[in-house]
Amino acid sequence: MHVRALVASLAVLMLTATAALGAAPVQLTFTVWSYSTDVILDNIKKFEARYPGIKVSLQDFAWEKYTDVMTARFVGKTPTDLAYSSDHWLQQWAAANWIVPLEDYFPQVKAYKPDFAPYAIEGMTYRGKLYGLPYYADTIIFIYNEEMLKRAGFTKPPATWDEVTRMALAMKEKKIVEYPIMFQFQDITPWYIEVFLSMVYSYKNYQMFDASLNPIFDREGTAAHKVAQWLVDGMRKHKIINPASLETTEIPLVKAMGAGQVAFAVLPKYNLADLNTPGAHAQAGKFKMALMPGETHGTVGFVRFYAMTKMAADRGKAVQDAAWKFLEYFGGKTDGKFVVVKRWALEKGLGFAQLPLYQDPEIRAAINKWGNVSLEEEQAKVARAKEALTPFWGTWSLEFQKEMNKALLGQKSALDALKAAAAKWKEMKK
Amino acid sequence: MRLVALPRRRYREARYAYATVLPVVLLVALFTIYPLLFALITSLREVVLYRPWSQPFVGLKNYLDVVRSEFFASAWAHTLTFVVGAVPLATVLGFAIAHLLNGRSRLAAWLNVTILLPWAIPTVISGIIWAWIFNSSYGAFNGALYSLGLIDSYVPWLSRPRSALLCVLFAHVWKEVPLTSILYLAALQAIPDELYDAARVDGAGTLGILRRVTVPLLLPTTLIIVVYETMVGIVTFDLLYVMTGGGPAGATSLISYYLYNSMFVAYNFGQGAALAVLLAAALVVFILVYMRLLRSEEIYAT
């Protein structure tokens with residue numbers, strides 16, 4: 001009798017333990033670059049309330065250092081399940097097997113493709129497979145301070161780069177601002193190359209590479225050469241580009257613009273929402289977007305997305321299931337709606353890859369408060385994904401930036417800087 | 431030949447000694463020898479993170495590639511410029527401040543603590559502070575110069591190659607001087623008062639005492655400081671990373687930054703390891719020179 005009682009007690013204990021273990025939440029580690037962490041935390045809170053069996057631990061790092069931190073985490077196998085990623089790191093991260101194709105684990109992800117802008121799909125695809133669901137997707141745009149432009153005697157924004165020069169010179173002459181144009185051209189900022197390319201893509205013959213991915217941008221008269229020369233002239237000859245651009249990153253540039261120290265800037269579009277937020281900047285409300293000056297007004301369309309790491313995939317089915325719930329909640333639909341993506345668009349003015357959201361009256365009204373939804377759509381139509389996104393693209397872009405800065409400092413000609421950058425590309429391509 | 435057995439007690443003592451030293455030896459092997467060997471092996475292979483499936487043995491190719499690179503020469507040139515500026519400044523300023531602190535002032539204790547503050551601030555934080563101070567739009571340095579009428583408009587200090595390196599150098603010296611001051615202060619306080627009294631009796635003035643008593647007796651400390659500051663200067667990284675990102679146009683990329691660039695930007699761990707080995711070898715050579723110079727007999731013989 002005693003033995004039976006003992007066995008029964010043990011069985012009850014084991015069942016209880018199993019039930020308790022089964023109820024233990026799945027822990028996911030999610031890494032992001034620091035941007036509106038309060039909103040991310042609130043989204044996580046709502047996600048956890050919806051899925052009580054999943055707990056998410058958030059870790060954030062500065063945007064400028066994000067790729068370094070993530071490399072160290074991946075190499076050092078620091079537990080990381082879900083991460084913000086970007087089109088310009090995708091090839092590197094995927095080739096190194098740090099992140100996994102979502103299609104291999106969650107075939108249902110393909111159903112989202114018709115909703116996404118083509119440049120965003122391209123930016124999340126490696127070797128034909130989709131690696132992410134969009135956190136946001138946006139274009140690089142031309143922003144100007146309307147009041148400063150009017151004070152200089154202009155009623156319309158510039159339509160070509162020559163007009164930008166003419167207007168900036170007028171502002172300088174009338175002492176409206178010493179340096180009307182500013183860029184974020186610190187050697188290591190990942191935005192540098194995107195801004196440069198957005199200017200290149202505003203020309204008809206925008207291609208930087210041929211079909212075999214050989215550089216052609218280092219030839220005289222190419223769009224890249226025109227842009228590089230325009231930048232060098234702007235900084236060294238006309239002195240309309242602030243020389244401090246070489247130490248500037250995104251946030252200081254937005255602050256300088258908001259303070260009225262900059263009339264023209266090329267920035268990711270969401271900054272326009274911030275610049276026009278009442279009370280956020282001294283000049284809030286005076287900023288407008290124009291189509292990218294140039295021959296075609298083309299620009300760069302980019303995508304930042306949620307990716308699942310190999311570490312998460314290796315943790316087994318329960319973690320994969322939890323990761324999919326997370327991915328779908330944050331980058332896909334919940335109850336048939338793009339809940340989180342819409343929130344970013346409404347509250348922070350972030351762009352989106354999910355095209356059906358352009359028909360949402362709430363979103364259209366929200367964008368029109370700080371921008372111009374029709375112009376935004378027009379700009380998005382001529383946006384293109386970055387070319388030649390190879391595994392060494394991110395590495396090369398930093399070499400390109402360093403060479404370009406040598407030209408801006410007058411150490412090299414614009415063409416020589418492009419030739420040096422092309423030589424680096426060929427070396428890396430071997 | 432007849433083997434002589436160790437007495438039992440001596441054998442036990444030897445066994446005890448080995449047993450107590452063994453954990454330390456294992457720890458050193460784990461945290462020093464293993465990483466060193468791993469780095470050496472990595473430096474002889476082609477290890478590129480985005481090609482993890484292929485890591486062939488390439489012999490000395492990584493070393494040759496690194497040394498032939500255009501960046502190698504410029505990074506060493508920047509590093510030597512930085513070290514040549516930083517070491518004398520940190521040493522002389524440390525010496526001067528230690529002299530001031532060595533006075534029998536009632537404020538001495540408070541000053542001793544205060545002087546250490548820059549050293550206690552994490553380097554990344556001090557980098558951020560100095561980047562703000564030298565900022566071209568709102569920096570306090572520009573503000574001060576402008577208020578004094580020394581400049582007409584704000585100067586982009588961190589956007590010009592030479593001034594950017596000088597700014598980083600200044601921030602580095604600011605951070606290092608407290609340590610050199612404290613080291614000198616400790617050495618100064620160890621000099622017996624009798625030596626000074628004797629020198630005065632012999633008719634030596636302040637400069638004479640400094641030249642014939644203080645400086646010779648502080649020579650070992652000076653050597654330690656010079657060697658330490660040289661090594662710190664060569665491997666400086668965090669200030670550059672925060673203040674300039676190695677720019678503009680690579681003007682503040684020291685050798686340590688080149689190493690970081692190879693590993694965490696180019697993801698080329700093979701070349702990064704080769705650079706690390708070369709850097710370590712350069713430091714070892716330097717340490718050997720220092721060990722030779724530090725022989726006290728030779729110092730005092732001068």
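Protein chains in written order, with the working numbering: chain A, 1 to 430; chain B, 431 to 732.
Where a beta carbon is used, it is the ideal one built from N, C-alpha and C, also for glycine.
The structure displayed is predicted, hence computed values, not measured ones.
Give the interface partners of residue i over in chain B, defined as CB-CB distance under 7 Å, in chain order.
{"i": "Ala-256 (chain A)", "result": "Ser-567"}
{"i": "Val-164 (chain A)", "result": "Those within 7 Å of Val-164 (chain A) in chain B number zero; the least Cβ separation is about 21 Å."}
{"i": "Lys-406 (chain A)", "result": "Ala-679"}
{"i": "Asp-68 (chain A)", "result": "Phe-694"}
{"i": "Leu-272 (chain A)", "result": "Per Cβ cutoff of 7 Å: no residues; Leu-272 (chain A) is ~20 Å from chain B at best."}
{"i": "Gln-261 (chain A)", "result": "Ser-567"}
{"i": "Leu-398 (chain A)", "result": "Val-695"}
What residues of chain B sit near residue i, judged by a beta carbon separation below 8 Å?
{"i": "Thr-395 (chain A)", "result": "Val-695, Ala-696 and Tyr-697"}
{"i": "Asp-187 (chain A)", "result": "Thr-674, Gly-675, Gly-676, Gly-677, Pro-678, Ala-679 and Gly-680"}
{"i": "Asn-205 (chain A)", "result": "Chain B residues near Asn-205 (chain A): none, gap ~28 Å exceeds 8 Å."}
{"i": "Thr-71 (chain A)", "result": "Leu-479, Phe-694 and Tyr-697"}
{"i": "Val-319 (chain A)", "result": "Going along chain B, no residue has its Cβ under 8 Å from Val-319 (chain A), so there is no contact; the nearest lies around 22 Å."}
Measure the C-alpha to C-alpha separation of residue i and residue j and round it to an integer number of angstroms.
{"i": "Met-208 (chain A)", "j": "Leu-291 (chain A)", "result": "21 Å"}
{"i": "Tyr-480 (chain B)", "j": "Ala-313 (chain A)", "result": "19 Å"}
{"i": "Phe-30 (chain A)", "j": "Leu-537 (chain B)", "result": "51 Å"}
{"i": "Leu-169 (chain A)", "j": "Gln-401 (chain A)", "result": "26 Å"}
{"i": "Trp-98 (chain A)", "j": "Ile-558 (chain B)", "result": "31 Å"}
{"i": "Met-404 (chain A)", "j": "Gly-298 (chain A)", "result": "22 Å"}
{"i": "Glu-173 (chain A)", "j": "Ala-152 (chain A)", "result": "9 Å"}
{"i": "Ile-40 (chain A)", "j": "Lys-55 (chain A)", "result": "14 Å"}
{"i": "Leu-649 (chain B)", "j": "Asn-532 (chain B)", "result": "17 Å"}
{"i": "Ala-94 (chain A)", "j": "Ser-85 (chain A)", "result": "11 Å"}
{"i": "Val-262 (chain A)", "j": "Met-182 (chain A)", "result": "6 Å"}
{"i": "Val-341 (chain A)", "j": "Ala-137 (chain A)", "result": "10 Å"}
{"i": "Lys-65 (chain A)", "j": "Ile-563 (chain B)", "result": "21 Å"}
{"i": "Gly-371 (chain A)", "j": "Leu-272 (chain A)", "result": "7 Å"}
{"i": "Phe-283 (chain A)", "j": "Asn-691 (chain B)", "result": "At residue 283 (chain A) the sequence reads Gln, which differs from the Phe that was named. Their Cα atoms are separated by approximately 39 Å."}
{"i": "Ile-685 (chain B)", "j": "Thr-78 (chain A)", "result": "27 Å"}
{"i": "Leu-541 (chain B)", "j": "Ile-551 (chain B)", "result": "17 Å"}
{"i": "Pro-431 (chain A)", "j": "Ile-143 (chain A)", "result": "Outside the displayed span of chain A (1 to 430) sits residue 431 (chain A), for which this structure offers no information."}
{"i": "Thr-189 (chain A)", "j": "Asn-205 (chain A)", "result": "26 Å"}
{"i": "Asp-218 (chain A)", "j": "Leu-408 (chain A)", "result": "16 Å"}
{"i": "Gly-331 (chain A)", "j": "Tyr-112 (chain A)", "result": "10 Å"}
{"i": "Lys-226 (chain A)", "j": "Glu-220 (chain A)", "result": "8 Å"}
{"i": "Ile-44 (chain A)", "j": "Val-598 (chain B)", "result": "40 Å"}
Please check the pair residue i and residue j, which I expect to be a contact at CB under 8 Å, by giving their CB distance rounded to whole angstroms.
{"i": "Thr-80 (chain A)", "j": "Met-311 (chain A)", "result": "6 Å"}
{"i": "Ile-473 (chain B)", "j": "Pro-243 (chain A)", "result": "Residue identity check: residue 473 (chain B) is Ser in the sequence provided, not Ile. Ser-473 (chain B) to Pro-243 (chain A), Cβ: 40 Å. No contact."}
{"i": "Val-195 (chain A)", "j": "Val-266 (chain A)", "result": "5 Å"}
{"i": "Val-488 (chain B)", "j": "Arg-498 (chain B)", "result": "Their Cβ separation, rounded to whole angstroms, is 14 Å, which puts Val-488 (chain B) and Arg-498 (chain B) out of contact at 8 Å."}
{"i": "Leu-435 (chain A)", "j": "Phe-352 (chain A)", "result": "Any answer about residue 435 (chain A) is impossible in this case: the structure gives chain A only from 1 up to 430."}
{"i": "Pro-361 (chain A)", "j": "Gln-91 (chain A)", "result": "Not confirmed; about 38 Å, so no contact."}
{"i": "Ala-345 (chain A)", "j": "Leu-357 (chain A)", "result": "6 Å"}
{"i": "Gln-379 (chain A)", "j": "Thr-37 (chain A)", "result": "So it is not a contact: roughly 29 Å between Cβ atoms."}
Residues of chain A with a CB under 7 Å from the CB of residue i: which are they?
{"i": "Tyr-480 (chain B)", "result": "Gln-92, Ala-95, Ala-96 and Pro-391"}
{"i": "Pro-591 (chain B)", "result": "Leu-409"}
If the cut is a Cβ gap below 8 Å, which residues of chain A does residue i touch?
{"i": "Ser-583 (chain B)", "result": "Glu-178"}
{"i": "Pro-586 (chain B)", "result": "Asn-242, Pro-243, Ala-244, Leu-246 and Glu-247"}
Please identify the residue among the options whose C-alpha is closest to the C-alpha of residue i.
{"i": "Asp-162 (chain A)", "options": "A:Thr-390, A:Gln-229 and A:Tyr-66", "result": "A:Gln-229"}
{"i": "Val-200 (chain A)", "options": "A:Trp-344, A:Glu-147, A:Leu-231 and A:Lys-429", "result": "A:Leu-231"}
{"i": "Gly-128 (chain A)", "options": "A:Leu-102, A:Asp-138, A:Gly-316 and A:Ala-117", "result": "A:Leu-102"}
{"i": "Ile-471 (chain B)", "options": "B:Ala-570, B:Gln-485 and B:Tyr-720", "result": "B:Gln-485"}
{"i": "Ser-583 (chain B)", "options": "B:Arg-592, B:Gly-573 and B:Arg-498", "result": "B:Gly-573"}
{"i": "Glu-377 (chain A)", "options": "A:Gln-354, A:Arg-343, A:Trp-63 and A:Leu-28", "result": "A:Gln-354"}
{"i": "Arg-592 (chain B)", "options": "B:Ala-507, B:Phe-716, B:Tyr-464 and B:Arg-445", "result": "B:Ala-507"}
Name, please, each residue of chain C whose Cβ falls closer than 7 Å to the Cβ of residue i.
{"i": "Thr-277 (chain A)", "result": "Among the protein chains of the structure shown, namely A and B, there is no chain C."}
For residue i versus residue j, is the C-beta distance shorter than 8 Å?
{"i": "Gly-677 (chain B)", "j": "Tyr-687 (chain B)", "result": "no"}
{"i": "Leu-275 (chain A)", "j": "Phe-185 (chain A)", "result": "no"}
{"i": "Val-496 (chain B)", "j": "Ala-679 (chain B)", "result": "no"}
{"i": "Met-124 (chain A)", "j": "Leu-149 (chain A)", "result": "no"}
{"i": "Leu-213 (chain A)", "j": "Ala-388 (chain A)", "result": "yes"}
{"i": "Glu-659 (chain B)", "j": "Val-517 (chain B)", "result": "yes"}
{"i": "Thr-610 (chain B)", "j": "Gly-515 (chain B)", "result": "no"}
{"i": "Trp-396 (chain A)", "j": "Lys-426 (chain A)", "result": "no"}
{"i": "Thr-509 (chain B)", "j": "Ala-594 (chain B)", "result": "no"}
{"i": "Tyr-131 (chain A)", "j": "Ala-365 (chain A)", "result": "no"}
{"i": "Val-603 (chain B)", "j": "Ala-520 (chain B)", "result": "yes"}
For the ligand GTP, any of its heavy atoms closer than 7 Å to the Cβ of residue i?
{"i": "Gln-207 (chain A)", "result": "Inclusion of the ligand GTP in the displayed structure is not the case, the ligand content being empty and no account of it being possible."}
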